[in-house]
Structure formats: C-alpha cells, structure tokens
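Below is one structure, written out as structure tokens, with a few remarks after it.
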Amino acid sequence: MTQTTRTATVERDFQSHESVIQVQELYKRYGKFTAVKGIDFAVRPGEIFGLIGPDGAGKTSTFQILSGVMEATSGEVQVLNRSPRDARLATGYLTQQFSLYSDLSIDENIRYSAGLRRVPTARLQQRRSKYLKLMGLEQFGDRLAGKLSGGMKQKLALCCALVSQPEILFLDEPTTGVDPVSRREFWDVLATLASQGVTIVVATPYLDEAERCNRIALMYEGEIQQTGTLAELRESLNLERLELRANRLEAVEEVLKTNAEIADVQTFGDRLDILVPSASAGETQIRTLLQQHQLTLNDIQPAEVTLENVFVTRLRQQGNDPPFIPFPRSKSTGVKQDKQVAIGVRNLNKVFGDFQAVKDVTLEVRYGEIYGLLGANGAGKTTTIKMLCGLQPPSGGEMSLAGQTRDLRNSALRKRIGYMSQKFTLYDDLTVVQNLQFYCGVYGVPRRARQEKIDWVLETCGLVGQENLLTGRLPGGWKQRVAFGASVMHEPEILFLDEPTSGVDPLARRQFWRLIEDFARQGTAVLVTTHYLEEAEHCQDLGFMVAGEVVASGSPSQIKEEQPGQLLELVTNQTQAASDLLKTQMEPWRVSIFGDRLHLVVDNPDTEIPQLRSTLDSDGFEIHSLRPIPFSLEDAFIGIVQRTQE
Amino acid sequence: MAIVPPLLPLLLLSLSSPMFTQLFNRFLGSRFWALVVKEINQILKNRQLLFLLIFPPTIQLLIFGSSLDPQVQNLKLGIVDYANTSVTRELVSALSENQIFVADNYSFSEQALANQVEQGKITAGLVIPPDFNRQLQQGQTAEVQVLIDGVNANTASIAQGYITQIVRNYSSNLEVNATPPLVNPQVTFLYNPGLASSWFFVPGVIGLVLTLTGSLVSSATVVREKDTGTLEQLLMTPAAAWEILSAKIAPLFLLLMGDVLLALGIARLIFGVPFRGSWAFFLATSALYVFVGIGVGILLATISKNQQQVVLTSFFINIPVIQLSGAIAPIESMPTFFQYLSLLDPLRHYIAISRSVLLKGVGWEALGLNVLALGAIAILLLTISIKQFRTQLN
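For the record, the sequence lines run as chains A and B.
The end of the first sequence is residue 667 by the numbering used here, with every number in the run present.
The end of the second sequence is residue 409 by the numbering used here, with every number in the run present.
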C-alpha cells in the first residue's frame, strides 16, 4: 500500500510541473473484455517514458488512445492540453509492424508522410537530410523500403514520423525483432531526440532497453502497478542480487530453491542469479547451505538488481507465474547421455547469386547441449538453420545430423528433429487443439500418448479451457508458446529454435528457458537463435555471426572474458551532453547511454580513465561515478560486431 | 426382431474383427489422416472457399446458360413502301410475323432509309417499288430492294437468309398453280427437337465452371500455405511431398465433384437439359476433368508467390482454354490452326463428352478418344504440378 501512495504523490508532483500528457482513470473495454482498467500517469516534456508489460497488458490499447487512433471508453486523456485527436498533428505514432510502403524508396516514403501532414517542401528537404543523417540512412535515399533490414526499416519509420516535427512520439515496441546493434543505435537516436525536447512514450519487451527510459511504468493486466525511475524501482524491490558460479549448478539451484529466505533463483547459462533481502547476509547463508549439502562454490558476487528482476518479482506477486510442468515422456529417458555429436557442421557455405550468405561456418552441438547462434538481422543465422534442417541445400561444406551425413531429408530422420521457425508455425485458422492434434498426427506420436502431450501443452501455456480458441486470436507471445509445445510433442532428439522468444514477456521467457533446459537435460541437442542477448546466457556454447561468418565462439563467460579492453560505467549530471562530447573524442560505438548512465568501452583503462576524467572536468561535467564494470554479452556482441566491421 | 438381414451381422462381424480394427486404428493414427483432417478443418473454417464453390458456379451457369444464344430476333426493319397496297402490306406482315423482324419503321424515300441504315437505327431496309402490284398482276417478276447493315457480318447474313426465305415463301403462295419444287428437303432435328440453344450451351458451361472453380480453389489452398509461411514448417515434418499434396487434393476432389452435381442439378431443373447417358461414365470423366482443374491450380500455385498472383496468372490460362474449347463459339468456325490447337485443350474434350452423354446418351464407344485425351492431359498436368511442387520446396 505504501508503494501506491508514494506513486500517487509523485504523480501529483508531475502534474504540478507542466506535463505534456495527462491520463486519469483511463478505461478501454472491448465488449465484455476490459483491456485498460483505470490507469493514471503523466509525462513531462522531453522525457522518455517507458510502458513495460507482458503481452496483453493493454499497452497497445493505451498507445492507440494516446495517439488519437481509438476512443477511450472512459477517463480523461489530455495530450498537449488537447484531446488526443486534436493533438494528432503534433504527435507521431510508430506501430509494432513496419508502417512503410515496401515498394517505395526511402525518399518516397518520407515525402509521402510529409505530404500527409502538409509539411512545406523547403522544410521537408531540411528535415529529411537532418533526420536521415541522424539515423545513418542518408546514403540509401533511393533504396526500396522493402529491401532494408529490420533495424533500418524502423529507423526509416521513425524518420517518417519525425518529418512533421512532432512534439510527442508514441513508439509501440519499435525494436521488436531488431538486432542488438541497430537497437542500440535506435535508442541513441531516441536519447538525442529527447535531449532536443521531443517527448517519447515507448513500449518495449527488452528490459535492458527499458533501463534507458527516464521513468518506467510497469503495466500488468490493464493496470499500472508501479511508476518510477529505474533507481526508484530497484530500491522499491528491497532485494539484492548475487551472481553465483559453481560446477554443479543444477544441484545448487535445487538446494537454494527450497530455502524461504531466497526470493528468486534463476539459471543464466553458467551462473545463477539469486535475489536475497540482503547481499551480505544472503552470501553467508548460501555458503553455509551449500556446505551442508557438500556442494562447492566457485564464486559469489553482489551485483545490481536489474529491471528484469523487478518486473519478474512484481509479476510473481500478481500470481502470474506460468507453471513448470515436466514433459510427459513416453520414450525411454536418458537418450544419448554419452554426449555424442548431434549436429556437426564443417565449413558450411551458402551462396545466393554473388552474395555469400553463409561463409565457412563450423560448429558442433552435442546431445544435452544448448548452442546459441547470435547475430544481427541478415547475418546468416536463419539460412544456417535452414541448411541444417535440410530446407535449403548448402553450396558447400559437410553436415551431419544425428549421425547421418547423407539424405538429411528422409522422414525417419525428420521424426527425430523438432523445428520451430521464426514465425507462423501454427495454422491461424485452426483452433489451438486442432493445431496440436495435427502436429501430433503428422509426427506420428502414438494415438494413446497424444491426449497427454496435448494436455501438457495446454497446461504449460495456461490455455486449459480455451483450447477451442482460434489460434489466430492468441497474442503473439502465447502463440509462440503453443508453437514451441507443438514442436516438441514428439520428443525430438535435436531441436532447432529460430528466435523462439521474440515478443514473449519476461516471465514466459523464463518458462521457455526452463523447458528448453529440461529438454537438454533429458539429452536433446538444442540449437537456438535469439535477439535477446541476456537470454544467450542460458546457452552452454555460443557462436556470434557477422556477415555470414562465425566471428567469435565459446561459452558466455569465455566470450565476455576474451573481450579486449574494459567496460566503464559513468554517471554524470548531464548524461546526453556527456555522451555527445565523448562521441567526438572516441569511436561512437564505444559510448552508449543506459538510462541515467553511460557505458564506455576503453582499450587501456589505466591511461584512458584519467584522460576521460580530465576531458569531462574541463568541460564542466560533474562526475558522480566512473568505475569499471564487467562486460555484458550485449556489450561484448557490439564490440565484436564493430571490430569486425572496421 | 425376427427378421435380421443376413448381411448385417456379417458386416458387424467384419467391422469388429481385430484385424480390421487394427488397420482402422493404424489409419487414424497415420500421418496422412492427420494431414487430411487438418485440410478438412481448414476448409470448414474457410467461408470464402465454400462461397467460391457454390455461388460463382451457380451464377455463371445461370447467366451463360440464358444469355448465350446465337439466334437473331427482333431485328429492326425499315420500310419504304412506294406501292402501299394490301399486297405489299401482306408482304411486310409476313416478314414481321415470326418476330425475326420488327417492322414499324416506315420512311418515305430510299435516301432516308439508307441514312437510317448508316446511323444504325435499323439493321435492314426493304424498298418496295411503286409498280410492284402491277408487275405481279401482269404475271411479271416483281423486284424488291433490300439494304442490309453489313457491319455485323453474322447478323447480316442471317437477316439476308431470312428475308430471302420469307419472300420466296410469300411468292410461292402467290402462284396459285405453281409446280412443286423437284426436291423438297424434310429436315428433322435429332437430340434437340426444339432446337433449344441452352441444351447445347449448358453442358459447355458446366465444363467452363469446373475449369474456373477447380483451378482457383485448388491453387488457393496450396498458395495460402506458402503465403503464411506454414509450408516451411510442414516440410520440416516427416510428411512426404506426396502425402502433403494428396491430403490437399482428396477433400478438394470431393468438393469439386459436388460442384459437378450442383451444375447438373441446375442444368436439369432450370434449363431442362436431359440426361440420356450413363451416370457412371459421366462421373468418371468428370472426375478426370476435376483432376485437370486441380493440376492447373497446383501448377499456378507453385509458380506464384501469393493469392493475387494466382488470380492474375489464371487469366492467361483459363481464358484461352475456354475460348478454344468450343464452349462459347463452335470449333468448326475457328481457323484450321486453332482447330488443331484445340485438340490439346482438355476442356474441349470434356465438353464433347458432356454434350454427347447428356444429349445423345452415348458412352465409351463413341467418346473413347476424348476420354483418352482427357486422361492423358490429366496425368501429364498432375505429374508436372507435383514435380513442380517438390522442386520449389528444395
């Protein structure tokens, strides 16, 4: 209760400032279903305000009301002291889908949106070059929008929204499915725009991105649970985080889970993330607990609580934890415990015309192992998976799948493989249960076992009683969960997952990874691609692809350790100005904004840290903190990509 | 209860025999059955498909069946009657009696008449000279002048034929004791005694409707899977290409055979077209033709990226197929080259078969060659389309 009262006070404070958006008691009903249940918030000018929540939380409905596309059922909404409809010319709205004409060029798309909003030609030219330059698109003016990568498309869409120079931007999950490098660039652009006075309201499923917002509202089931800055949210959690490394992680996790003092335990690849009320007390407690169970501990370190921790803990408090139900196996367990090679690839190549999509890829996945293939859009991940599945013939190289090297398309082999493609793996026009029955039948699951497996998928997805819903009506994240269920019902020995978690909320993503890990423990070899780099921590082995080549590989810890240089965290009084300054001093990719702080990559910390201090001091910045921090996988990824491109 | 049909227990016995149950269960658990059930479920949910199967065929049949009529009626006849006697009025009424001509357009000069032909106000003009009566009375040959608008050559020749015939009849009635002509042909129309043109056209239109519906509906179900991306997922399953395709074809085949019956029903109930031949023979040949339609549809789907492309490409195939088939214009009136080309047109053979079976009641003995040609084309098309379906997957 204290939480709500405090939020309300904060809210009132904002309204006493001039706020550009005011929402009070906003409701939206669709027939019997209430999507938005009386939310209140206010947004200050020049602020990046994040609306964070799982699928179906009511974010898109809120955006549509704010942008004047849809009427609210009840409640007060003021945008720039006007009704949202009247404020439309002063706002820009970017939807989840690319709202571009793919057969028009970049210039034509911009000219079209400018025409719609009656921008004078002279201003259009000036703004066009300004924003295209900001987005790094100026040399592609005549390229067709359909030929751009996902990240470039969203930047272009943002350009189109900006060309009428709106005071407020509404961005509904603009970076979903966009690769990490483009995402970071996109957020840098947003930070620049905010510093120029544009107010931004944004939704994103990436919680690491959301940390870059000035203030965050956590939304769940149509209600805003909490609003505040990242620091406030972290503080309100009253928990601290420990990173633990041990040889027998599974056993450690089991022991820790039974302890009531420990709020949350989560496996991230080669480490456990543990939430405890106090880091120091928790550490001693864990040490004694593990000693009692004769488990050795390699390393335990306190770390900052992440937004994901906050979000997941809040969702848990709402009782929205998707259940983990062990998969009902009908095949004898303990398949291939001997860790043979399940997927073996050597010097795999794929050439389309004169474009080399995949270049000398070599990788090995053993039974019981999770291998993560990471990379930007168009780096060749999906092409690699398709060749491994036999959907595309390779132009060169050797492949072996489940011990077979020839005829990878025979149906006996297919029965042992599970495949979940990026999208559309289910029939939208069939009901959930019809889809599951179909996949059971087509994979030859024995008829007696079918009902059990279907029930398992329904329970795991929380769809019991809704099995006759048309699949097309499910929100994206739920569809992904059903699709995953459909692809594992036949207990595959080898599982290919192409971006399985895109658009899935954090709690459901955790469930996903528990399931994937469970399958791996039972001996399934898993090859997975993902855009969420924090998720890649779940993999035992990683391959980073850039332009068709694997440029770095190893376990997550190995990759981070092998990063040259040092990551620094800088907190100053003027984040954006400091970023602008430092980007002129060092290569731009080495500087990025994370919420209220900067991340800097330096090669020689000993000489560069003093230099940085003096540069910032001489320009009048106050340095609140400048300290080395460990690389995250995302930092490592961006470093690798940038160094390869140089 | 005393009288139990002897077959029933036997039937029950065979159904409950363990071997049959086992086979049946195996079938229900098979991949093929799973694929078929999926297709049926999708079809049942697809209102658009059911609409496509019922309404367009019905409407096409009704419209083509009633509007395609080569007969000429109600031609406008202009008249300049310089004689203006009862005899000449009799001649005019003879011309307009059978509704071929409407003669209510009198002019006063040849020039005015010629102008009206030129402006298209009348199709034909008749000029009766002032001495018409006198010449007849004197036993001389009276002459009338006929002007015909030759722009529409077909109508012109028909109008000419009618006028010549009617005038000849009229003049033979005038000769009281004329010698009968040496040869007087007695024409009997076989199979279609009333010469109802719809009898001729409706069987053709049944073929036309099957071509359009069959190719569109089957291409739609195949291309949709490609459109939404589920095809890739399907290919990753152990299902073989032939299983996927035959599971798609089987329900479509049944639905299109339903369309054949629908078309026959309309032919019978609305147009009164008789059914004189063998049902088995007609259904078997229709089944062959349905396979042709499905083959064309799958081929279209494999070369197109989406539904829209399918529809546009289908124009290039369906329209020539229909034009060459004789469904609308008789094959005999085509140039020789196209007459030979039409031998490759499956619709031509199917129309030949359906016309003959419906109207003449003949069967295999007369239509063997058509059936063979149709079968060959069906097999060829299905082979190509299945092969094409497979290669596009690779």
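Glycine included, C-beta positions come from ideal geometry on N, C-alpha and C.
All of these numbers come straight from a predicted model, not from anything done at the bench.
Per-residue burial, residue i [other beta carbons within 10 Å of its own, 16 or more giving buried]
{"i": "residue 426 of chain A", "result": "exposed"}
{"i": "residue 41 of chain B", "result": "exposed"}
{"i": "residue 331 of chain B", "result": "exposed"}
{"i": "residue 35 of chain B", "result": "exposed"}
{"i": "residue 255 of chain A", "result": "buried"}
{"i": "residue 168 of chain A", "result": "exposed"}
{"i": "residue 301 of chain B", "result": "buried"}
{"i": "residue 166 of chain B", "result": "exposed"}
{"i": "residue 110 of chain A", "result": "exposed"}
{"i": "residue 485 of chain A", "result": "exposed"}
{"i": "residue 513 of chain A", "result": "buried"}
{"i": "residue 313 of chain A", "result": "exposed"}
{"i": "residue 493 of chain A", "result": "exposed"}
Contact set between residue i and chain A, taken where Cβ atoms lie within less than 7 angstroms
{"i": "residue 57 of chain B", "result": "448, 450, 451"}
Chain-ordered neighbours of residue i on chain A, where CB pairs are closer than 8 angstroms
{"i": "residue 61 of chain B", "result": "450"}
{"i": "residue 43 of chain B", "result": "468"}
{"i": "residue 317 of chain B", "result": "Per Cβ cutoff of 8 angstroms: no residues; residue 317 of chain B is ~16 angstroms from chain A at best."}
Proximal residues of chain A, C-beta to C-beta of residue i below 9 angstroms
{"i": "residue 48 of chain B", "result": "462"}
{"i": "residue 53 of chain B", "result": "448, 451, 455, 456, 458, 459, 462, 463"}
{"i": "residue 228 of chain B", "result": "What residue 228 of chain B touches in chain A: nothing, since even the nearest Cβ is about 21 angstroms away."}
Residue i versus residue j - alpha carbon distance
{"i": "residue 330 of chain A", "j": "residue 600 of chain A", "result": "27 angstroms"}
{"i": "residue 587 of chain A", "j": "residue 69 of chain A", "result": "29 angstroms"}
{"i": "residue 251 of chain B", "j": "residue 394 of chain B", "result": "28 angstroms"}
{"i": "residue 273 of chain A", "j": "residue 295 of chain A", "result": "11 angstroms"}
{"i": "residue 321 of chain B", "j": "residue 199 of chain A", "result": "26 angstroms"}
{"i": "residue 397 of chain A", "j": "residue 201 of chain A", "result": "7 angstroms"}
{"i": "residue 70 of chain B", "j": "residue 392 of chain B", "result": "28 angstroms"}
Same chain, Cβ closer than 6 angstroms to residue i, neighbours up to 5 away in sequence not counted
{"i": "residue 162 of chain B", "result": "132, 140"}
{"i": "residue 183 of chain A", "result": "152"}
{"i": "residue 405 of chain B", "result": "256"}
{"i": "residue 509 of chain A", "result": "439"}
{"i": "residue 234 of chain B", "result": "312, 315, 316, 325"}
{"i": "residue 209 of chain B", "result": "Low local confidence applies: a pLDDT of 48 at residue 209 of chain B is under 50, so the model's placement there is unreliable, with the coordinate-based value given in what follows. Within the same chain, residue 209 of chain B has no close Cβ partners at all."}
Within chain B, partners of residue i - CB distance below 8 angstroms
{"i": "residue 432 of chain A", "result": "253, 254, 255"}
{"i": "residue 574 of chain A", "result": "What residue 574 of chain A touches in chain B: nothing, since even the nearest Cβ is about 26 angstroms away."}
{"i": "residue 122 of chain A", "result": "Simply none; closest approach about 16 angstroms."}
{"i": "residue 500 of chain A", "result": "Those within 8 angstroms of residue 500 of chain A in chain B number zero; the least Cβ separation is about 12 angstroms."}
Proximal residues to residue i (C-beta, below 8 angstroms), its chain only, five neighbours per side dropped
{"i": "residue 389 of chain B", "result": "300, 303, 304, 307, 361, 364, 365, 368"}
{"i": "residue 230 of chain A", "result": "196, 204, 208"}
{"i": "residue 241 of chain A", "result": "74, 75, 78, 335, 336, 339, 341"}
{"i": "residue 308 of chain A", "result": "318, 321"}
{"i": "residue 105 of chain B", "result": "185"}
The ligand ZN heavy atom lying under 7 angstroms from the CB of residue i
{"i": "residue 284 of chain B", "result": "In the structure on display, the ligand ZN does not appear, and there are no ligands present to speak of."}
CB contact check: residue i to chain D, cutoff 8 angstroms
{"i": "residue 243 of chain B", "result": "Here chain D cannot be found, since the structure's protein chains are A and B."}
Proximal residues of chain B, C-beta to C-beta of residue i below 7 angstroms
{"i": "residue 436 of chain A", "result": "253"}
{"i": "residue 421 of chain A", "result": "Under the 7 angstroms cutoff, chain B gives no residues; its nearest Cβ is about 18 angstroms from residue 421 of chain A."}
{"i": "residue 351 of chain A", "result": "Per Cβ cutoff of 7 angstroms: no residues; residue 351 of chain A is ~14 angstroms from chain B at best."}
Partners in chain B for residue i, counting only beta-carbon separations shorter than 9 angstroms
{"i": "residue 133 of chain A", "result": "Those within 9 angstroms of residue 133 of chain A in chain B number zero; the least Cβ separation is about 22 angstroms."}
7 angstroms CB neighbourhood of residue i in its chain, flanking five on each side removed
{"i": "residue 236 of chain B", "result": "263, 267"}
{"i": "residue 400 of chain B", "result": "310, 313, 314, 317"}
{"i": "residue 23 of chain A", "result": "Residue placement at residue 23 of chain A is poorly supported in this model, since its pLDDT is 40, which falls under 50; the coordinates are not used for a value here."}
Worksheet item: Of all the alpha helix (DSSP H) runs that stay within the bounds of the stretch 234-281 of chain B, which reach a length of 4 or more residues?
Response: Those alpha helix (DSSP H) runs which fall completely within the stretch 234-281 of chain B and span 4+ residues are 245-251.
Worksheet item: What residue ranges within the stretch 513-556 of chain A form continuous alpha helix (DSSP H) runs of no fewer than 4 residues, ordered along the chain?
Response: If we require 4 residues or more, the alpha helix (DSSP H) runs fully inside the stretch 513-556 of chain A come out as 527-542.
Worksheet entry | Ordered list of beta strand (DSSP E) runs contained in the stretch 595-664 of chain A, each at least 3 residues | The qualifying runs are 612-615, 618-623, 644-650.
Practice prompt. Give, in chain order, every unbroken run of the beta strand (DSSP E) that is at least 3 residues long and sits entirely within the stretch 48-111 of chain B.
Written response: Whole beta strand (DSSP E) segments, 3+ residues: 90-96.
Item to complete: Run through the stretch 323-396 of chain B for me and flag every whole alpha helix (DSSP H) of 4 or more residues, listed as ranges in chain order.
Response: Segments of the alpha helix (DSSP H) lying fully in the stretch 323-396 of chain B: 351-356, 361-370.
Discussion item. At 4 residues or longer, what runs of the alpha helix (DSSP H) sit wholly inside the stretch 393-422 of chain A?
Written reply: As far as the stretch 393-422 of chain A is concerned, its whole alpha helix (DSSP H) runs of at least 4 residues are 402-410.
Fill in: Those runs of the alpha helix (DSSP H) which lie wholly inside the stretch 198-232 of chain A and span at least 4 residues
Taking only runs of at least 4 residues, the alpha helix (DSSP H) segments lying wholly in the stretch 198-232 of chain A are 201-216, 228-231.
Worksheet entry | Completely contained beta strand (DSSP E) runs for the stretch 124-186 of chain B, where each covers 3 or more residues | Uninterrupted beta strand (DSSP E) stretches at least 3 residues long and entirely within the stretch 124-186 of chain B occur at 139-143, 160-163, given in chain order.
Worksheet item: Which runs of the alpha helix (DSSP H) fall wholly inside the stretch 60-111 of chain A and span at least 4 residues, in chain order?
Response: The qualifying runs are 80-87.
Fill in: Complete beta strand (DSSP E) runs within the stretch 278-316 of chain A (minimum length 3 residues, chain order)
When DSSP assignments are scanned along the stretch 278-316 of chain A, the uninterrupted stretches of beta strand (DSSP E) that are 3 or more residues long and fall wholly within it turn out to be 285-289, 292-297.
Discussion item. Report the start-end ranges of each alpha helix (DSSP H) in the stretch 451-495 of chain A that is 4 residues or longer and not cut off at the edges.
Written reply: Counting only runs of 4 or more, we get 453-463, 468-481.
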